[in-house]
Amino acid sequence: MQFVDLTKQYQKLKKEIDDKIQTVLNHAKFISGPEVGELEEKLADYTGVKHCITCGNGTDALQLALMAYGIKAGDAVFVPTFTFYATAETVSMCGATPVFVDVDRNTFNIAPDDLEHAIEWAVDNKMNPRAVIPVDLFGLPYDYKSITDLAVKHNLLVIEDGAQGFGGSIDGKKACSLGDISTTSFFPTKPLGCFGDGGAVFTNEDKISDYIKSLRVHGKGTDKYDNIRTGMNSRLDAIQAAVLLVKLEAFRSYELASRNQIAGWYNEQLRNSVRIPILPENCISSFAQYSILLESEEKRDRAQSALRGHGIDSMVYYKKSLHQQTVYRNNPSIYRGFPNAETISKTVISLPMHPYLTKEETMRCTEIIRNVLNV
Ligand SMILES: *Cc1c(COP(=O)(O)O)cnc(C)c1O
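Numbering-wise (this note's numbering), the sequence shown opens with residue 2 and increments by one.
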């Protein structure tokens, strides 16, 4: 059993996807073809944000957001330590310093009380706090109310890393609309994925949108061959946009609901055996991952090898938090421990999750886990 079965999805959507790709092959506008603009409008509409600017991948999307606000050397940017490396990597790429923050033990998202602690520490150490990057980890929107309050209080920009969050919502607000600026990824295994790399930035600010549109094409001016700033080459190509136009329809009409139904089956089957995902009030997750906690590292590892023994793929996101990565061995903010992140990385495991998983498949998985735990 595959962790994310993309071939099942393709079989279901094959006719529409093939036709849409063929349209691109016929008009041959591979970069900035009409599909790109159409997709950007649909994504803006879906998330309720004024502008969507697509780009090469979710990492570039973060980079473009940081560049648009001039984040630079000497700035401190607060990042949860329990996330994918790109969340902090892009901060480092700008020359700024990622300051790590522990996560909440229930939601696995950035912990507001620890963020406040980290901000005070940064100020005491004469750093220049500029921004915070909350992540919608495993598809669960972050606690935007508490984070926004803290950001306002300390004059921080909020950059939502919605790479895993697309489709989720909180208080009726969609993921990718929660930050001052938000980003997502269309990596194939994300909730909304294309057939390669892709990403997007979301903003309500006209000026920031124009600026990012320039940055993604080498810092172009109104004349494409007059470059007015240092930018990047980071565009979503028309074939990927074509794929996403088809997949977005499937995503909004049934795939998101299906992910939640599957999570519900898992919950029912595992409720009495493991720590199932905890969703705060008024929250819908896109279930980028279905991640549970076991009692110990030893049990987690045993569960994983038992699943593997039965041909079922599972993953451990993340075995190492960012403060434990070699690249950050000299980061000034790792003088302290991050107990919640450390406990979670030892006991977490993510089970197969994609919209085409059957109830029988979830049962095969959960029976194996329950058997391991009863030994
Ligand atoms: C996947 C991911 C990214 C990076 O997206 P890419 O499209 O792979 O560059 C950034 N942040 C988080 C939290 C992610 O999961």
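For glycine and all other residues, C-beta sits at the position ideal for the given N, C-alpha and C.
- One Cα belongs to lysine 221, the other to tyrosine 47, and the distance between them is close to 28 Å.
- Under the DSSP definition of a beta bridge, arginine 276 partners with Leu294.
- Within 7 Å of the C-beta of glutamine 305 there is not a single heavy atom belonging to ligand 1.
- Contact check between the stretch 265-283 and the stretch 29-37: fewer than three CB pairs, one atom from each, fall below 8 Å, which does not count as touching.
- Ranking Leu44, Ala89, Val78, Asp211 by CA distance to the CA of valine 328 puts Ala89 first.
- A direct Cα-to-Cα measurement between phenylalanine 288 and isoleucine 350 gives close to 14 Å.
- For glycine 338 and aspartate 103, the gap between their C-alpha atoms comes out near 9 Å.
- Every beta strand (DSSP E) stretch that sits fully inside the stretch 39-125 and reaches 3 residues is listed by chain position as 52-56, 76-81, 98-102.
- Secondary structure at arginine 301: helix, using DSSP grouped into helix, strand and coil.
- DSSP assignment within the stretch 129-181 yields the following whole alpha helix (DSSP H) runs of 4 residues or more, N-terminal first: 145-154.
- Remark: the shortest separation between the CB of alanine 164 and any heavy atom of ligand 1 falls under 7 Å.
- Placement of the Cβ of alanine 74 at a distance of 7 Å or more from every heavy atom of ligand 1 is found.
- Sequence-distant Cβ neighbours of leucine 246 in its own chain, meaning closer than 8 Å and more than five residues away, are Lys21, Glu36, Glu39, Leu40, Lys43.
- Here the alpha carbons of aspartate 238 and alanine 307 stand approximately 41 Å from one another.
- Looking at Thr204, Asn332, Arg253, the one whose alpha-carbon comes closest to that of alanine 66 is Thr204.
- It is roughly 8 Å from the alpha-carbon of serine 186 to the alpha-carbon of alanine 62.
- DSSP, read as helix, strand or coil, puts valine 349 in strand.
- Between isoleucine 182 and isoleucine 160, the gap from beta carbon to beta carbon is short of 8 Å.
- Set against 7 Å, the gap from the CB of alanine 243 to the closest heavy atom of ligand 1 is not smaller.
- Distance between leucine 116 and tyrosine 143, taken at the CA atoms: about 13 Å.
- Going by C-alpha positions, serine 178 is about 10 Å away from histidine 52.
- In this structure, Gly59 is the residue among Gly59, Lys15, Met2 with its C-alpha nearest to the C-alpha of leucine 193.
- Comparing alpha carbon positions, the residue from Val100, Met233, Gln3, Gln10 closest to lysine 248 is Gln10.
- If you look at threonine 204, you'll find it in the beta strand (DSSP E) that goes 200-204.
- Counting the other Cβ atoms within 10 Å of the Cβ of arginine 301 gives 16 or more, which makes it buried.
- Residue side-chain check: valine 136 places its Cβ nearer than 7 Å to a non-hydrogen atom of ligand 1.
- Beta-carbon to beta-carbon, histidine 355 and valine 136 are separated by about 21 Å, too far to satisfy the 8 Å threshold.
- For isoleucine 209, the enclosing alpha helix (DSSP H) begins and ends at 207-216.
- For asparagine 375, the closest of Lys174, Ala304, Gln23 by C-alpha to C-alpha distance is Ala304.
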